[in-house]
Amino acid sequence: MAWRPYNPNPWRLSTDDCAPRALSAVLRISWGEAYDLLYENGKEMGLMEDNKAVLWAILKKAGFRREALPDQCPECYTVADFAADHPRGVYVVATDSHIIAVIGGDWFDAWDSGSEVPLFYWFRK
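Taken in order, the sequence shown gives residues 1 to 125; the numbers are from the numbering used here.
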């Protein structure tokens with residue numbers, strides 16, 4: 001269970017594109033296709049493409065379900081812990097300000113976000 005550097009953004013200019021980056025990883029599409037999905041769905045919903053509701057709608061359409069994490073120890077459970085606890089499957093993990101793809105027990109991100117605290121996640125069986 002480890003961080004896997006992942007930045008499919010063709011310009012690699014910033015790391016504030018976590019939603020298309022995570023979508024690209026879990027849906028196995030290009031960064032551009034993921035960005036287009038966010039833009040098109042945002043337009044249909046009357047929201048900006050970076051609104052979390054837009055991402056959630058795309059994930060729901062793709063067969064993902066949302067689960068909340070227990071609030072027993074919110075500061076002590078990390079993305080790295082989540083990945084270790086989920087060695088199989090495809091997940092999109094949300095923190096208060098970040099979105100991370102977790103696939104097969106590894107987290108895929110442009111930077112090592114393993115110490116971030118997850119709030120909830122989406123999964124596909």
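Virtual Cβ for every residue (Gly too), placed ideally from N, Cα, C.
(request) Quick one: give me the first and last residue of the beta strand (DSSP E) that Phe-108 is part of. (result) 106–109 is the span of the beta strand (DSSP E), which, as asked, contains Phe-108.
(message) Quick check: what's the CA-CA separation for His-86 versus Met-45?
(response) 32 Å
(request) Pull up the distance between the alpha-carbon of Asp-71 and that of Asn-41, whole angstroms please. (result) 31 Å
(request) Over the uninterrupted alpha helix (DSSP H) stretch that includes Glu-40, give me the two end residues. (result) 31–45
(request) Would you give the residue range spanned by the beta strand (DSSP E) that Pro-118 belongs to? (result) Careful: Pro-118 lies outside any beta strand (DSSP E) and carries neither H nor E.
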